[in-house]
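J.: Protein chains in written order, with this note's numbering: chain C, 4 to 189; chain L, 26 to 444. For every residue, glycine included, the Cβ atom is placed at its ideal position computed from N, Cα and C. Here it is, the structure in full.
Here it is, written out as structure tokens:
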């Protein structure tokens, strides 16, 4: 992360998008916009820092502590840097009945990490998560990145590894064209 | 595949290609029901019609939809509609297919519901993982706006309506209707003490209908084809069709739309292809991870899946998320899995659930790993029974179902002395 990124205010960078979000809710209930604004803040670097939270609080007229409580409560917000691509494998019971636990273990072994850890290149983080509403297509996972979120279903360790190679190639390509890790279709 | 006489009412995209295109949807009668409602029906007539249809909530509780609409307090304004698209119950994946492939029928249902309670603003609350679906719904909503199906002065009347999407961020509890409203208000998602119910004190403290996606998707066809048509499907007390999400130990897991009252046997063995690898069916969870374990004997398999019959064999129909468990599965493993889920998702607001799911999970883990003493099974059962009737919402209440029925009905799996 460069200095300019950390000090750029969300309000400058995303003025129009912030207005679209705020317009969804009654003016006297703008606190409703806290979740979409957090997604916006998280887009570039896959986590929200204290400055982001303070700014969102100011936009909405609530306290930073209230914004932080949202970040802490909901599992899709992060207050610490993670791997650029967050691979989340559902291992809940219906998926586990179709081999999800074994899939997770084998995938992590191939990447040389434990569930919850990030690969040495800092790109890929693999984790077990709760139900993703795709029980009939297990093993499955979602990939969360700055670009959003994508489901990959009916997976094998081989198909997952092929995808991971693709993600690594994408990351290398973006770095070489100087996008500083921001996904082109974000 | 549906049987010959059954015609899709919800998963119509399976027979009509490109139904997620507004033009295609309109070519097949789309939005005629909404126009008919707004231009020819009084809101009260619409509510009476949905009441007469016997439609019951498809999210799990099975509460009569028309009755829910009729509770909206007309002394307090404005009113809101909130579609519950937080689909997060392990075993449930039906709303996702509707929103991905037949989105306009769902949005038309939202619109008709909004007109019925005279709401001018409706929110679709989707789980955060449905981020791509929310993006597409936003495009569909924009297309409706461009076609004059949303916005001001609809069909030349005074009625105005706007629909917005709102993404959650990974919290199962947000599927509980009052926790959903808290989340939509920008707070942490914890259930409210009820009463008052959302019909009088909902979103921003105003009268609000919260309905599941599948429930709302039924509404356009009830308005278009009439109450008699709807009642010709399903059973007398559970009319209509239902999407059964089948997962676990079956050859063809997936969504099956069938009339309510179809038997477990027909669904699991005819439609879902039966049990693979020569295993035998052992148990059924009919309402996802929140359900009790039904012993899959002949009596249970021949039970019609409707809101009245499933309780008679010791289960609940709930959202009809049919998890099939075969004889290779140890019930100790199964409840260890479900309890990890509930412990993780407990919101922490009420003590019985926060503490109860924590202790149940640790006991179940010990029992599953073989580190438990025989009396730990009794202790687990005691913790579960102490939670019963004491939790603030259904998350805690239903977290004990698989535990208590598992211990009671699959004694051999819990006979630790013999293991």
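Should residue 37 of chain C be flagged as near chain L, meaning a C-beta pair shorter than 8 Å?
T.: Chain L contact via Cβ: present.
J.: Residues of chain L with CB closer than 9 Å to the CB of residue 198 of chain C, please, in chain order.
T.: Residue 198 of chain C lies beyond the residue range present for chain C, which begins at 4 and ends at 189; the question has no answer from this structure.
J.: Using a beta-carbon distance cut-off of less than 8 Å, what residues from the segment 182–214 of chain L approach chain C?
T.: Residues 189, 191, 192, 193, 194, 195, 196, 197, 208, 209, 210, 211, 212, 213 and 214.
J.: So that I know if they touch, is there some Cβ in chain L lying closer than 8 Å to that of residue 139 of chain C?
T.: With 8 Å as the cut-off, residue 139 of chain C counts as an interface residue toward chain L.
J.: Looking at chain L, which residues of the segment 51–82 of chain C have a Cβ within less than 7 Å of any of its Cβ atoms?
T.: Those would be 72, 73, 76, 77, 78, 79 and 80, in chain order.
J.: Just to confirm the assignment: which complete alpha helix (DSSP H) runs, minimum length 4, are found wholly within the segment 262–345 of chain L?
T.: List check, alpha helix (DSSP H) in window: 323–326 and 334–337.
J.: Consult DSSP for residue 94 of chain C and reduce its assignment to one of helix, strand or coil.
T.: The answer is coil: DSSP assigns residue 94 of chain C none of H, G, I, E or B.
J.: Comparing alpha-carbon positions, which option in L:248, L:155, L:201 and L:163 lies nearest residue 152 of chain C?
T.: Nearest C-alpha to residue 152 of chain C: L:155.
J.: Is residue 48 of chain C buried or exposed, if buried means 16 or more other CB atoms sit within 10 Å of its CB?
T.: Result: buried.
J.: CB-CB under 7 Å to residue 131 of chain L, same chain, minus the five flanking residues each way: which ones, in chain order?
T.: Correct list, in chain order: 123, 124, 238, 241 and 242.
J.: Quick one: complete alpha helix (DSSP H) runs, 4+ long, within the segment 27–88 of chain L?
T.: Counting whole runs of 4 or more residues, the segment 27–88 of chain L contains the alpha helix (DSSP H) stretches 47–52, 57–65 and 68–78.
J.: Using a Cβ-Cβ cutoff of less than 6 Å, which residues in the same chain neighbour residue 360 of chain L once the five nearest sequence positions on both sides are dropped?
T.: If we look at residue 360 of chain L and ignore the five residues flanking it on each side, its Cβ neighbours are 389, 427, 428 and 431.
J.: Using the Cα positions of residue 191 of chain L and residue 148 of chain L, report the straight-line distance between them to the nearest angstrom.
T.: Distance between the alpha carbons of residue 191 of chain L and residue 148 of chain L: 7 Å.
J.: Between which residues of its own chain and residue 140 of chain L is the CB-CB distance below 6 Å, once the five residues before and five after are set aside?
T.: The answer, listed in chain order, is 62 and 63.
J.: Check whether chain C comes within 8 Å of residue 59 of chain L, counting only Cβ atoms and requiring the distance to be less than that.
T.: No, residue 59 of chain L lies away from the interface with chain C (no Cβ there is under 8 Å from its Cβ).
J.: What ranges does the beta strand (DSSP E) occupy inside the segment 84–131 of chain L, keeping only unbroken runs of at least 3 residues that lie completely in it?
T.: Whole beta strand (DSSP E) segments, 3+ residues: 105–110.
J.: Could you check which residue in L:87, L:314, L:80 and L:282 has the C-alpha nearest to that of residue 364 of chain L?
T.: It is L:314 whose Cα lies nearest to the Cα of residue 364 of chain L.
J.: Would you mind stating whether residue 332 of chain L and residue 263 of chain L have Cβ atoms separated by less than 8 Å?
T.: Yes; because the gap between Cβ atoms is below 8 Å, this pair is in contact.
J.: Within a Cβ cutoff of 7 Å, which residues of the same chain sit near residue 7 of chain C, ignoring the five residues on either side of it in sequence?
T.: Low local confidence applies: a pLDDT of 41 at residue 7 of chain C is under 50, so the model's placement there is unreliable, with the coordinate-based value given in what follows. None.
J.: Mind the definition here: the segment 199–206 of chain L touches the segment 223–236 of chain L only if three or more C-beta pairs lie below 8 Å; say whether that holds.
T.: Result yes; three or more Cβ-Cβ pairs closer than 8 Å.
J.: Could you say which of L:381, L:437 and L:438 lies nearest to residue 420 of chain L if we only look at CA atoms?
T.: Of the listed residues, the one whose Cα sits closest to residue 420 of chain L is L:381.
J.: Taking Cβ positions, are residue 120 of chain L and residue 110 of chain L nearer each other than 8 Å?
T.: In this structure, residue 110 of chain L lies closer than 8 Å to residue 120 of chain L by Cβ.
J.: When burial is assigned at 16 or more other CB atoms within 10 Å of the CB, is residue 303 of chain L buried or exposed?
T.: With fewer than 16 other Cβ atoms within 10 Å, it is exposed.
J.: With distances taken Cα to Cα, identify the nearest neighbour of residue 104 of chain C among C:124, C:84 and C:132.
T.: Nearest C-alpha to residue 104 of chain C: C:132.
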